[in-house]
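Sequential numbering from 7 applies to the sequence shown in our numbering.
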Amino acid sequence: MWDALFHHCDRARTRRFAELFEADPDRAARFSAAADELLFDYSKTNIDAETRAALIDLCDRAGLAGRRDAMFSGARVNETEGRAVLHSALRNLDGGAVAVDGVDVMPGVRDTLDRMRAFARAVREGAVEAPGGTITDVVNIGIGGSDLGPMMAARALSPYRDGPRCHFVSNVDGAHVADTLARLDARRTLVIVASKTFTTLETMTNAETARAWLQERGGDVARQCVALSSAVDRASAFGIPAERVFGFEDWVGGRYSLWGPIGLSVMLAVGPGRFDEMLRGGQAMDDHFRAAPWERNLPVLLALVGLWHAQVCGYATRAVLPYEQRLEHLPAYLQQLEMESNGKRVAMDGTPLEAPSGPVIWGAPGTNGQHAFYQLIHQGTQVVPCEFMLGAQGHERDLAHHHALLAANCLAQARALMLGRSLEEARARMAGAGLEGAELERQARHRVFPGNRPSTLLLYPQLTPFVLGQIVALYEHRVFVEGVILGINSFDQWGVELGKELATELAPMVEGRAPVRGQDGSTVGALDYLRARSG
Ligand code: F6P
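Here it is, written out as structure tokens:
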């Protein structure tokens, strides 16, 4: 299935894609697609119409339409865990019934959402009293999908915050919880324990520390703790009253859970109305994904461009570069979404993958990254496809000149990557600076930019809750499409298990509660070192 594409890649290698623009004045329009006001431009890549047709062919060969419809209709498409995949039901605000095994899940979804809204309103209006008065701060304790989504979204939507301040604790490193709680009043802080399983070592350890902090400093655990979990019984056993537990079903994967109870901190910060707008944005992207033809379908196009670069051209990493400071946590969020979903080595049926799995995702907001790692992107020996993101407007109306500079930098970087600078141009510059001979030649070579480095651009009007919902759902579906074409189950995460098991075995040895047994020489050496210096 990939052979035709490898052939396209060989053909494209020697072609400068700036020339594609010269050959086709409408290239930008022909290689862009829109969903509502989101515009995805993939013209600054080496994809031509023939290559695109071959890529689109992958969708039909992989049976994408059938898999997509199966997912939305509640079939158990997460086959290795025997689960449906229905995070879309959490944002199905005005849709119809969605059945799992013949049972409509929507009444339960609506009921939980209504409870979340009522609770959020009560907290925001000061009706939830803590011993020190109304709630001023919220600490979300979770990790992975129970942290990255709400942390990313709360930061992204910070211009809309009119509720309590939100803080996020994830790492089992005691520094994280200690530094966070040190800034807060235990008598006016709401502690959210966010864990789908309610067994995750980091979250439970931090939750116990936070519970002790409340108890020691005049807080009230029953009034100031909330649980977000699929394991309602375990949450109750922790001491959280049933009415403070917001549950969700096993058909919501951790890294897809922002849309339901795991998003409670975001709802507390921006209010139920704004949270609903985010859900509507996600739902709008669902509708687009289900209806748009492949060649105008944004999740499909993002996936196909991604596959072209990673699986066909062999570029091992991909940079996510939002020119939006408030999307500073998006790269980390997408690392989990994409790498935990598609970082697999066998297909759904257990056979080895035909193509490499998903690429390494990394990135940081522009313009900061420009002063850190763009050097490698422009002149390093590896090609790093870049995904730029840019809003037409910021929220700081009185600082519009900042935004103009931000936008100019984003567009300039994409152009620089594509155009590069030839040796001739570099030589001319050096000559202009008064250099000559061997020194001119030496200096010129350092100033060459190979160019022909691919990038895409996602444009949006402004980072509103609706747009954030669209962007997150866009990436969720992109990951799904890539997974279907690669034959991967994007919804399990067995790769995280082994390390967890070995950590459980090692913890008593680190603490000196158990003798060191069955470890390799390197681990024994590290244990000796730690135990000698642990104080
Ligand atoms: O270790 C991986 C993982 O299972 C993620 O998939 C998940 O988002 C995270 O841990 C947290 O899990 P939980 O919400 O059950 O605490």
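Backbone N, C-alpha and C define an ideal beta-carbon position, used for all residues, glycine too.
Self-check item: For H335, the three-state DSSP class (helix, strand or coil)
Solution: coil
Self-check item: E346 Cβ short of 7 angstroms to ligand 1 heavy atom set
Solution: yes
Practice problem: May I ask you to report which of helix, strand or coil DSSP gives V454? | Solution: Coil at V454, not helix or strand.
Practice problem: May I ask whether a heavy atom of ligand 1 can be found less than 7 angstroms away from the beta carbon of G150? | Solution: Indeed, a heavy atom of ligand 1 lies less than 7 angstroms from the Cβ.
Exercise. Would you kindly check if the distance between the Cβ of H384 and the Cβ of L423 is under 8 angstroms?
Key: Judged by beta-carbon spacing, H384 lies within the 8 angstroms limit of L423, meaning their Cβ atoms are closer than that value.
Exercise. In the DSSP assignment, find the beta strand (DSSP E) that holds N146 and state where it starts and stops.
Key: D143 to I147
Quiz item: In whole angstroms, what is the alpha-carbon distance linking G443 and A159?
Solution: 55 angstroms
Quiz item: Which residues bound the beta strand (DSSP E) around C172?
Solution: R171 to V175
Practice problem: Give a yes or no on contact between the stretch 137–144 and the stretch 105–117, applying the rule of three or more CB pairs nearer than 8 angstroms. | Solution: no
Practice problem: For the beta strand (DSSP E) holding R324, just list the boundary residues, first then last. | Solution: T323 to Y329
Quiz item: Can at least three beta-carbon pairs, one atom from the stretch 165–174 and one from the stretch 255–275, be found at a separation below 8 angstroms?
Solution: Segments in contact, yes.
Quiz item: Considering S271, what are the terminal residues of the alpha helix (DSSP H) in which it resides?
Solution: L270 to V276
Practice problem: Count the other C-beta atoms from every protein chain shown that fall within 10 angstroms of the C-beta of K50, then say buried if there are 16 or more, exposed otherwise. | Solution: buried
Quiz item: Is it the case that the CB of Q341 approaches a heavy atom of ligand 1 more closely than 7 angstroms?
Solution: no
Quiz prompt | Same chain, Cβ closer than 8 angstroms to E135, neighbours up to 5 away in sequence not counted | solution = Short of 8 angstroms from the beta carbon of E135, and not among the five residues preceding or following it, lie these beta carbons of its own chain, in chain order: R229.
Practice problem: Please go through the same chain and pick out, in chain order, the residues whose beta-carbon is closer than 7 angstroms to the beta-carbon of G397, but skip the five residues on each side of it. | Solution: E330, Y466, P467, Q468 and L469
Practice problem: Determine the extent of the alpha helix (DSSP H) in which Y3 is found, giving its start and end residues. | Solution: This structure gives no information on residue 3, because the portion of the chain shown stretches from 7 to 541.
Self-check item: Beta-carbon contacts of G489 that lie in its chain and below 6 angstroms, excluding the five residues immediately before and after
Solution: N348 and S496
Quiz item: Closer than 7 angstroms: is that where the CB of R261 sits relative to any heavy atom of ligand 1?
Solution: yes
Quiz item: Are R547 and G224 closer than 8 angstroms when you measure CB to CB?
Solution: One cannot answer for residue 547 here, as it falls past the ends of the chain, which runs 7 to 541.
Quiz item: Would you call A520 buried or exposed, if buried means 16 or more other Cβ atoms sit within 10 Å of its Cβ?
Solution: That one is exposed.
Quiz item: In terms of residues, what are the limits of the beta strand (DSSP E) holding M354?
Solution: Per DSSP, M354 is not a residue of any beta strand (DSSP E), being assigned neither H nor E.
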